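Structure first, commentary second.
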Amino acid sequence: MDQTVFEADRRTNCLLESPICDRLKKEPCWLGIDEAGRGPVLGPMVYGICFSPVADKEEFGKKGFADSKTLTEEQRDTIFADINSSLDILGWMVEILTPTYISSSMLRRDKYNLNALSHDCAIRLVKTALDRGVNVTEVYVDTVGDPVKYQAKLKEYFPTIDITVAKKADALYAVVSAASICAKVARDKAVKNWVFQENIHLDEPDYGSGYPGDPKTKQFLQASFDKVFGFPSFVRFSWSTAAIIIEKDGVSVEWFA
Amino acid sequence: MATSIDSTALDHTSNVSDSCHFMPCKIHFDGEAKISDFFCSSFKHEDGSLTGKFRGRPLNGKELNVPEGYTGVVLTEPHKRSTEEEDRLLIPSHTFDKFTYWNLDKEPSPDDLIERALQWVDLSAVLHRPLSTEQSQDSQEMSGQGVVGRARTTKQKGPYRSWGIFAIHCATNVPQSQ
Numbered sequence: 007m008d009q010t011v012f013e014a015d016r017r018t019n020c021l022l023e024s025p026i027c028d029r030l031k032k033e034p035c036w037l038g039i040d041e042a043g044r045g046p047v048l049g050p051m052v053y054g055i056c057f058s059p060v061a062d063k064e065e066f067g068k069k070g071f072a073d074s075k076t077l078t079e080e081q082r083d084t085i086f087a088d089i090n091s092s093l094d095i096l097g098w099m100v101e102i103l104t105p106t107y108i109s110s111s112m113l114r115r116d117k118y119n120l121n122a123l124s125h126d127c128a129i130r131l132v133k134t135a136l137d138r139g140v141n142v143t144e145v146y147v148d149t150v151g152d153p154v155k156y157q158a159k160l161k162e163y164f165p166t167i168d169i170t171v172a173k174k175a176d177a178l179y180a181v182v183s184a185a186s187i188c189a190k191v192a193r194d195k196a197v198k199n200w201v202f203q204e205n206i207h208l209d210e211p212d213y214g215s216g217y218p219g220d221p222k223t224k225q226f227l228q229a230s231f232d233k234v235f236g237f238p239s240f241v242r243f244s245w246s247t248a249a250i251i252i253e254k255d256g257v258s259v260e261w262f263a
Numbered sequence: 006m007a008t009s010i011d012s013t014a015l016d017h018t019s020n021v022s023d024s025c026h027f028m029p030c031k032i033h034f035d036g037e038a039k040i041s042d043f044f045c046s047s048f049k050h051e052d053g054s055l056t057g058k059f060r061g062r063p064l065n066g067k068e069l070n071v072p073e074g075y076t077g078v079v080l081t082e083p084h085k086r087s088t089e090e091e092d093r094l095l096i097p098s099h100t101f102d103k104f105t106y107w108n109l110d111k112e113p114s115p116d117d118l119i120e121r122a123l124q125w126v127d128l129s130a131v132l133h134r135p136l137s138t139e140q141s142q143d144s145q146e147m148s149g150q151g152v153v154g155r156a157r158t159t160k161q162k163g164p165y166r167s168w169g170i171f172a173i174h175c176a177t178n179v180p181q182s183q
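Listed in order, the protein sequences are those of chains A and B.
Residues 7 to 263 (the numbering used here) are what the first sequence spells out, left to right.
Residues 6 to 183 (the numbering used here) are what the second sequence spells out, left to right.
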């Protein structure tokens, strides 16, 4: 996946998309949404969509674009390569939400929580697909927060589209699984190729999974800590993991009203 | 008891106009900090507005010029006094003629305290303008009609009450050279 645009400025959210063939604009399509990197304290969160003609559901299912927790990064990369060479029957898009964006959204005066942020990103992606002329008639997505409320919200934005919000949607609907692959591949690459704007150089370049409990992640947090600034922008300051370290080891900062 | 500023040191100061930042928080720290790496690297100029981040929080910045006829001064205090009775000696280390002030997640506006403080500089010049001898003779009779003899200080929330204290307040963090 070419992330040159994102790599030019890692402080700004970035949309990456495949070309869209005519069939996807003419025929009714089903669209799956999934995300990657929601829980980690490091790096971006990525939302992905994948869409394909409803008429080809069976064929799509046989392609084997199934994501699973047991896949290695290399295996996922291979599946994504398959997805990306099937652009005659599908299209994909991902939005990379930078850790800077996540931190400042959740720490601003008018607090924007992670669920709302997630919902809006999903909605934005569907809108973009529609703007590109994709004929979306069905949307499938995994639950984020209350499924009833989420379904109602999506229905409000897309009244003519059939919306299905379901737990484990990535296991139930092949198009959601494909979206999951796209999102994970995007996130993994963004993390792997991260260059620190803060000009820091680490002995150990492996951040681990980025989850707060991961020993490599903990080690990275210790190594990159600065007592005045806290952490580089790669870290999500709104995570209690980060906040606790800053509270304990950072210099005291009092914000004025 | 007395606070004095060694103005002879002004000849030996360097200009730090490009690296003076008035933050919307009190940082309880004096010393070297990686300002260019961790703070300046977060700046974005978009549609004429300036944004930055500090500890993940969104900041909105605006560059201000030090008022005409004034100089911004960064003061250092090499020897902290041990009692309040002792004299204080402050040494200028840097000067600035402009600086950037930052709001926490709020567009800069003329209502911001720092903007109002700088407006006060011009107002105080008018209010403290010496009266001519003619006027001061009449002032006894005119006192009932509200001739200005003493300026009333505007009560302002915040860490400064006059321009003099403002200059000292900027002294805490000496920005490192790039």
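Where a beta carbon is used, it is the ideal one built from N, C-alpha and C, also for glycine.
Nothing here was measured: the structure is a model prediction, and the numbers come from that model.
Taking 8 Å as the cut-off, decide whether the C-beta atoms of residue i and residue j are in contact.
{"i": "L103 (chain A)", "j": "V52 (chain A)", "result": "yes"}
{"i": "T106 (chain A)", "j": "S258 (chain A)", "result": "no"}
{"i": "T149 (chain A)", "j": "M99 (chain A)", "result": "no"}
{"i": "F262 (chain A)", "j": "P29 (chain B)", "result": "yes"}
{"i": "V181 (chain A)", "j": "F57 (chain A)", "result": "yes"}
{"i": "S186 (chain A)", "j": "G97 (chain A)", "result": "no"}
{"i": "K67 (chain B)", "j": "T56 (chain B)", "result": "no"}
{"i": "E268 (chain A)", "j": "R130 (chain A)", "result": "As shown, chain A starts at 7 and ends at 263. That puts residue 268 (chain A) outside it, with no answer to give."}
{"i": "V142 (chain A)", "j": "I167 (chain A)", "result": "yes"}
{"i": "P153 (chain A)", "j": "V171 (chain A)", "result": "yes"}
{"i": "F235 (chain A)", "j": "F44 (chain B)", "result": "yes"}
{"i": "V47 (chain A)", "j": "A248 (chain A)", "result": "yes"}
{"i": "K222 (chain A)", "j": "D209 (chain A)", "result": "no"}
{"i": "P97 (chain B)", "j": "A14 (chain B)", "result": "yes"}
{"i": "R62 (chain B)", "j": "L113 (chain A)", "result": "yes"}
{"i": "Q9 (chain A)", "j": "A196 (chain A)", "result": "yes"}
{"i": "D92 (chain B)", "j": "A7 (chain B)", "result": "yes"}
{"i": "S19 (chain B)", "j": "H99 (chain B)", "result": "yes"}
{"i": "K85 (chain B)", "j": "E260 (chain A)", "result": "no"}
{"i": "V191 (chain A)", "j": "L37 (chain A)", "result": "no"}
{"i": "A189 (chain A)", "j": "A42 (chain A)", "result": "yes"}
{"i": "P218 (chain A)", "j": "W200 (chain A)", "result": "no"}
{"i": "G49 (chain A)", "j": "G216 (chain A)", "result": "yes"}
{"i": "V140 (chain A)", "j": "C27 (chain A)", "result": "no"}
Could you give the DSSP three-state label for residue i: helix, strand or coil?
{"i": "N108 (chain B)", "result": "strand"}
{"i": "G69 (chain B)", "result": "A small fix is needed here, since residue 69 (chain B) is Leu in this sequence, not Gly. Three-state result, L69 (chain B): strand."}
{"i": "W125 (chain B)", "result": "helix"}
{"i": "F202 (chain A)", "result": "coil"}
{"i": "D117 (chain B)", "result": "coil"}
{"i": "E260 (chain A)", "result": "strand"}
{"i": "E281 (chain A)", "result": "Nothing can be reported for residue 281 (chain A): it is not among the residues displayed for chain A, which extend from 7 to 263."}
{"i": "H50 (chain B)", "result": "strand"}
{"i": "R62 (chain B)", "result": "strand"}
{"i": "S87 (chain B)", "result": "coil"}
{"i": "T166 (chain A)", "result": "coil"}
{"i": "L208 (chain A)", "result": "coil"}
{"i": "I40 (chain B)", "result": "helix"}
{"i": "D88 (chain A)", "result": "helix"}
{"i": "L22 (chain A)", "result": "strand"}
{"i": "D35 (chain B)", "result": "coil"}
Which residues in chain A have a C-beta closer than 8 Å to the C-beta of residue i? List them in chain order.
{"i": "K58 (chain B)", "result": "T106, S109, S110, S239"}
{"i": "S47 (chain B)", "result": "R17, T106, Q203, S239"}
In chain order, what residues of the same chain lie with their CB nearer than 6 Å to the CB of residue i, ignoring the 5 residues before and after it?
{"i": "F243 (chain A)", "result": "S109"}
{"i": "K32 (chain A)", "result": "none"}
{"i": "S22 (chain B)", "result": "F101, D102, K103"}
{"i": "F202 (chain A)", "result": "P238"}
{"i": "T184 (chain B)", "result": "Not covered by the structure: residue 184 (chain B). The range shown for chain B is 6 to 183."}
{"i": "K162 (chain B)", "result": "For K162 (chain B), the predicted structure reports a pLDDT of 39, less than 50, and the residue's modelled location is therefore unreliable. The matter cannot be settled from this model."}
{"i": "I95 (chain A)", "result": "S58, D62"}
{"i": "C20 (chain A)", "result": "V11, F12, I102"}
{"i": "E204 (chain A)", "result": "P238"}
Closer than 7 Å by beta-carbon distance: list the chain A residues that pair up with residue i, in chain order.
{"i": "A38 (chain B)", "result": "V234"}
{"i": "F34 (chain B)", "result": "V234, V257"}
{"i": "D42 (chain B)", "result": "E204, N205"}
So which residues of chain A does residue i contact, with C-beta pairs closer than 9 Å?
{"i": "D110 (chain B)", "result": "S110, L113, R114, R115, D116"}
Counting only the same chain and skipping the five closest in sequence on each side, list residues whose C-beta sits under 7 Å from that of residue i.
{"i": "D127 (chain B)", "result": "P72"}
{"i": "D176 (chain A)", "result": "D40, D73, D148, V182, S183, S186"}
{"i": "D255 (chain A)", "result": "F231, K233"}
{"i": "I252 (chain A)", "result": "G236"}
{"i": "N108 (chain B)", "result": "P29, L64, N65, D117"}
Under 7 Å between beta-carbons, which chain B residues line up against residue i? List them in chain order, please.
{"i": "Q81 (chain A)", "result": "None at all; the shortest Cβ gap to chain B is about 34 Å."}
{"i": "F12 (chain A)", "result": "In chain order: nothing, as chain B lies at least about 15 Å away."}
Taking 8 Å as the limit between beta carbons, can you name the residues of its chain near residue i, skipping five residues before and five after?
{"i": "G149 (chain B)", "result": "Caution applies to G149 (chain B), whose pLDDT of 38 falls short of 50 and renders its modelled position unreliable; the value that the coordinates give is listed next. If we look at G149 (chain B) and ignore the five residues flanking it on each side, it has no Cβ neighbours."}
{"i": "D110 (chain B)", "result": "R62, P63, L64, N65"}
{"i": "Y118 (chain A)", "result": "S111, M112"}
{"i": "G70 (chain A)", "result": "I85, D88"}
{"i": "L95 (chain B)", "result": "T8, S9, I10, D11, L80, T81, E82, I173, A176"}
{"i": "Q145 (chain B)", "result": "Here Q145 (chain B) scores only 44 on pLDDT, less than 50, and its place in the model should not be relied on; the value that follows carries that caveat. Around Q145 (chain B): no qualifying Cβ."}
Name the chain B residues whose beta carbon is nearer than 8 Å to that of residue i?
{"i": "W261 (chain A)", "result": "P29, C30, R62, L109"}
Check whether the segment 122-135 of chain B touches the segment 70-79 of chain B, taking contact to mean three or more Cβ pairs, one atom from each stretch, closer than 8 Å.
-> Under the Cβ criterion (8 Å, minimum of three pairs), the segment 122-135 of chain B counts as touching the segment 70-79 of chain B.
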